[in-house]
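Input: a single structure, listed below in structure tokens.
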Amino acid sequence: MCVQKYITNSLMLKATSGETGEGKGRSWRWRDMLRFPHISQCMTLANTIERRFSSLCVEQPIGRELFRLFCQSTCESRNLSILQAEYEVKSDEERTGFGIQIINRFLNRQSPECVKVVESYSQQCRESLEEWPSKDIFLECAEYVYEYLSGEPFFQYQQSMFFDRFLQWKMLEGQPVTKHTFRWYRLLGKGGFGEVWACQVRASGKMYACKKLEKTHVKKRRGEAMALNEKLILEKLNSRFVVSLAYAYETKHSLCLVLSIMNGGDLRFHIYNIGTPGLEWDRVQFYAAEVCCGLHHLHQQNIVYRDLKPENILLDHNGHIRISDLGLAVMLSEGSLVRGRAGTLGYMAPEVISHSYYGKSPDWWGLGCLVYEMTAGKPPFKGHGERLTESEMERRIQETEEDMNGCFPTFSIPPSFTLCSLPLYYPAQRLGCQQSGVEGVMSHSFFGTINFRRLEAGVIEAPFKPDPRAVYCQDVQDIDEFSTVKGVMLEKTDNEFYMKFNTGRVAIPWQTEMIEMGCFKELNVFGPQGSRPADLDW
Ligand code: ADP
Ligand code: MG
Ligand code: MG
50 MCVQKYITNS LMLKATSGET GEGKGRSWRW RDMLRFPHIS QCMTLANTIE RRFSSLCVEQ
110 PIGRELFRLF CQSTCESRNL SILQAEYEVK SDEERTGFGI QIINRFLNRQ SPECVKVVES
170 YSQQCRESLE EWPSKDIFLE CAEYVYEYLS GEPFFQYQQS MFFDRFLQWK MLEGQPVTKH
230 TFRWYRLLGK GGFGEVWACQ VRASGKMYAC KKLEKTHVKK RRGEAMALNE KLILEKLNSR
290 FVVSLAYAYE TKHSLCLVLS IMNGGDLRFH IYNIGTPGLE WDRVQFYAAE VCCGLHHLHQ
350 QNIVYRDLKP ENILLDHNGH IRISDLGLAV MLSEGSLVRG RAGTLGYMAP EVISHSYYGK
410 SPDWWGLGCL VYEMTAGKPP FKGHGERLTE SEMERRIQET EEDMNGCFPT FSIPPSFTLC
470 SLPLYYPAQR LGCQQSGVEG VMSHSFFGTI NFRRLEAGVI EAPFKPDPRA VYCQDVQDID
530 EFSTVKGVML EKTDNEFYMK FNTGRVAIPW QTEMIEMGCF KELNVFGPQG SRPADLDW
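Laid out in structure tokens, this is it:
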């Protein structure tokens with residue numbers, strides 16, 4: 050590793066050493082940056098904010114926290130739905146014990162934490178638990194709690210100081226974002242329109258990756274629609290298997306997407322640049338499973354990703370992966386199909402190459418290619434070091450059916466190699482594209498040893514953890530700086546597009562940041578004995 054790379058990386062390491070929160074990496078002025086406006090300044094927001102229970106008290110992390118505090122302060126209703134979620138991810142052996150605990154704490158009249166409105170479920174839950182600890186024993190009960198809370202308690206909440214405090218947090222969320230919101234570290238990579246840099250939020254200490262799109266480059270290559278598409282899709286998503294967008298803002302020269310930082314390199318680097326090409330079986334299976342969860346999340350929102358390949362799958366410092374680079378992703382309108390060549394040659398599905406209409410099928414093709422490449426240490430349609438013309442590559446892809454044996458050597462991987470070829474058939478027979486959909490993929494024997502419920506809950510450890518001192522990429526520092534393109538004038542009309550882009554903080558990731566980094570806990574204090582503090586006093 051070259052010296053400069055090492056130094057810039059160690060600065061970043063030092064900055065992130067307090068990543069678990071508790072104040073490290075925050076600016077000494079952080080309290081000023083996050084000073085609540087007086088409640089009288091929040092009235093416009095109070096009158097315009099959408100009053101939906103699911104959004105205000107369930108989906109938004111700060112909202113959920115404040116609603117919980119409200120419930121604790123006034124009534125005995127707790128959010129059993131949170132417990133339901135925890136119960137669901139317990140392994141089969143743990144469930145009975147944990148289920149009994151829930152019943153004893155919350156459904157038992159003698160317990161101080163008893164939730165009276167659902168006490169009547171006690172007997173029913175206990176009986177079904179004894180019979181068989183299936184994962185939805187508390188579902189009905191939790192649904193009832195949800196229904197109940199969204200009524201009178203939600204109404205009361207909106208009259209309380211807890212909701213006023215929520216409005217104050219929302220005002221902070223709406224403050225303008227500039228490059229000074231962040232501290233800047235090393236270059237992480239280069240993209241088509243600009244560089245990607247590591248940065249840290251001054252107010253919280255949280256690290257992110259900032260993908261910059263140079264305005265002149267975007268304009269010259271007519272990339273406006275693509276840039277906006279990427280931003281609009283990213284801000285809708287909320288999955289641990291897809292990079293999340295926390296801020297979108299503009300500077301004089303660039304448009305910036307602030308994303309989850311993925312320090313562990315991309316899969317391309319891991320397949321080819323560390324030891325012999327290819328990955329061990331347990332890693333192949335684990336990454337494939339996590340990608341599968343990411344695709345599932347995208348597909349649930351009717352988004353086709355279309356650009357699955359090793360370099361777009363990034364590792365974080367714990368060795369978990371996220372799907373990144375959603376520039377080519379597309380929203381399907383309900384039940385419809387799209388057409389259009391998009392993706393990277395060599396990974397494009399036959400139906401994409403042949404210009405047919407398609408739905409989500411190209412992504413399952415992509416997963417097959419990815420599994421192949423991770424296992425074989427080479428892409429599926431090209432030999433080592435082989436140079437192919439575009440048309441030759443296309444011909445090979447479209448002739449896979451006949452050529453299956455030539456293309457797909459049998460790997461000696463336990464316990465089954467069949468997934469490596471199965472998803473690659475033409476759409477009608479391809480795994481993932483049939484009636485069973487994603488379930489068909491997840492229940493394939495290839496994933497036999499993966500517990501998808503626990504994987505999705507983030508409680509499974511990765512088989513490989515990147516070395517925090519290493520830099521898992523080629524020497525990006527050596528490449529020339531991205532400069533502005535000459536002769537491209539930015540005009541007034543461009544501003545309309547920039548404004549759509551420049552929307553600042555994204556609610557869920559930003560609120561998660563505030564909680565995770567400890568800012569919420571330190572700032573969200575009320576007066577003595579739960580009285581109104583001065584900033585909420587009329
Ligand atoms: P483009 O759409 O222009 O190809 P990418 O989103 O692929 O841009 O980003 C370019 C490069 O920047 C990637 O190949 C990767 O090396 C790096 N990069 C992108 N996103 C992140 C991230 N979230 N964390 C770390 N590095 C990233
Ligand atoms: Mg890319
Ligand atoms: Mg892209």
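For this note's numbering, add 49 to where a residue sits in the sequence shown, where the first one is 1.
Glycine included, every Cβ here is placed at the ideal spot set by N, Cα and C.
7 Å Cβ shell around residue i - same chain, five flanking residues per side excluded
i: proline 429; result: Cys418, Tyr421, Glu422, Cys456
i: glutamate 222; result: Arg554, Ala556, Trp559
i: lysine 228; result: Thr300
i: serine 465; result: Here the model assigns serine 465 a pLDDT of 43, short of 50, so the residue's position is not dependable, and the following value carries that caveat. Correct list, in chain order: Ser494, Phe495.
i: tryptophan 218; result: Ile111
i: proline 409; result: The amino acid at residue 409 is misidentified as proline; the sequence shows lysine. Contacts found: His348, Val353.
i: valine 107; result: Arg113
i: glutamine 172; result: none
When the options are compared against residue i, the one with the closest alpha-carbon
i: glycine 238; options: Thr438, Lys285, Leu363; result: Leu363
i: methionine 82; options: Arg251, Gly72, Phe242; result: Arg251
i: methionine 220; options: Ser89, Lys165, Arg270; result: Ser89
i: glutamine 349; options: Leu94, Leu375, Leu381; result: Leu381
i: phenylalanine 448; options: Leu294, Asp412, Ile402, Glu192; result: Checking the sequence, you will find glutamate at residue 448 rather than phenylalanine. Of the candidates Leu294, Asp412, Ile402, Glu192, the one whose C-alpha sits nearest the C-alpha of glutamate 448 is Ile402.
i: tryptophan 79; options: Lys255, Phe147, Leu188, Glu339; result: Lys255
i: valine 291; options: Gln249, Thr438, Ser373, Cys120; result: Ser373
i: serine 288; options: Gly241, Ser532, Arg371; result: Arg371
i: glutamate 273; options: Gly489, Met548, Ile564; result: Met548
i: leucine 308; options: Arg355, Arg144, Ser440, Glu279; result: Glu279
i: leucine 375; options: Ser160, Gly576, Leu281; result: Leu281
i: glutamate 439; options: Ser410, Ser405, Tyr396, Pro411; result: Tyr396
i: lysine 285; options: Val379, Cys174, Gln208; result: Val379
i: arginine 388; options: His366, Asn500, Pro411; result: Pro411
i: isoleucine 98; options: Leu216, Pro182, Ser122, Arg355; result: Leu216
i: glycine 148; options: Ser160, Arg175, Gln159, Ser169; result: Arg175
i: tyrosine 170; options: Ser160, Pro515, Tyr193, Pro182; result: Tyr193
i: phenylalanine 96; options: Gln249, Ile310, Leu377, Gln207; result: At residue 96 the sequence reads asparagine, which differs from the phenylalanine that was named. Considering only alpha carbons, the answer is Gln207.
i: aspartate 519; options: Ile499, Phe318, Leu394; result: Reading off the sequence shown, one finds alanine at residue 519, where the question assumed aspartate. Considering only alpha carbons, the answer is Phe318.
Beta-carbon separation (whole angstroms), residue i vs residue j, contact threshold 8 Å
i: glutamate 3; j: phenylalanine 550; result: Nothing in the structure corresponds to residue 3, since the chain is present only between 50 and 587.
i: leucine 480; j: tryptophan 414; result: Contact doesn't hold; Cβ gap of about 10 Å is too wide.
i: asparagine 573; j: arginine 214; result: 7 Å
i: cysteine 342; j: glutamate 196; result: Actually they are not in contact, since the Cβ atoms of cysteine 342 and glutamate 196 sit about 29 Å apart, beyond 8 Å.
i: glycine 314; j: tyrosine 521; result: 3 Å
i: leucine 118; j: phenylalanine 211; result: 6 Å
i: phenylalanine 231; j: alanine 338; result: At roughly 33 Å, the Cβ-Cβ gap does not stay under 8 Å, so phenylalanine 231 and alanine 338 are not in contact.
i: histidine 346; j: proline 515; result: Contact flag wrong, Cβ pair sits at about 23 Å.
Residue i: CB within 7 Å of a non-hydrogen atom of ligand 5
i: serine 160; result: Questions concerning ligand 5 fall outside what the structure shown contains, since the ligands it does hold are ligand 1, ligand 2 and ligand 3.
Nonlocal neighbours in the same chain, by C-beta distance under 6 Å from residue i, ignoring five residues either side
i: isoleucine 509; result: Arg503
i: serine 199; result: Phe102
i: phenylalanine 335; result: Pro512
i: cysteine 305; result: Cys259, Lys261, Tyr298
i: leucine 316; result: Pro359, Ile362
i: lysine 184; result: Glu137
i: cysteine 234; result: Per the sequence shown, residue 234 should be read as tyrosine rather than cysteine. Cβ neighbours of tyrosine 234 beyond the five flanking positions: Met61, Ala247.
i: valine 52; result: Interpretation of valine 52 is limited by its pLDDT of 48, a score under 50 that renders its predicted location unreliable; no figure is taken from the coordinates.
i: glycine 507; result: Arg289
i: phenylalanine 575; result: Pro582
i: aspartate 331; result: Pro512
i: valine 537; result: Thr265, Lys268, Lys269
i: arginine 144; result: Pro182
i: alanine 391; result: Arg355, Leu377
i: aspartate 584; result: Phe85, His87
Nonlocal neighbours in the same chain, by C-beta distance under 8 Å from residue i, ignoring five residues either side
i: isoleucine 320; result: Pro326, Gly327, Leu328, Pro359, Glu422, Met423, Gly426
i: serine 104; result: Gly112
i: glycine 489; result: Leu480, Gly481, Gln483
i: isoleucine 564; result: Pro110, Ile111, Glu114, Lys570
i: glutamate 135; result: Phe147
For residue i: DSSP bridge partner residues
i: lysine 285; result: Paired residue(s): none; lysine 285 is not in a bridge.
i: arginine 232; result: Gln249
i: serine 303; result: Glu263
i: aspartate 356; result: Note: aspartate 356 sits in no beta bridge, so no partner.
i: methionine 256; result: Gln249
i: methionine 380; result: Ile352
i: tyrosine 298; result: Cys305
Under a criterion of Cβ closer than 7 Å to any non-hydrogen atom of ligand 1, which residues qualify, in chain order? Taking each Cβ in turn, the ones that pass are Leu237, Gly238, Lys239, Gly240, Gly241, Phe242, Val245, Ala258, Lys260, Val292, Leu308, Ser309, Ile310, Met311, Asn312, Asp315, Glu360, Asn361, Leu363, Ser373, Asp374, Gly376, Cys522.
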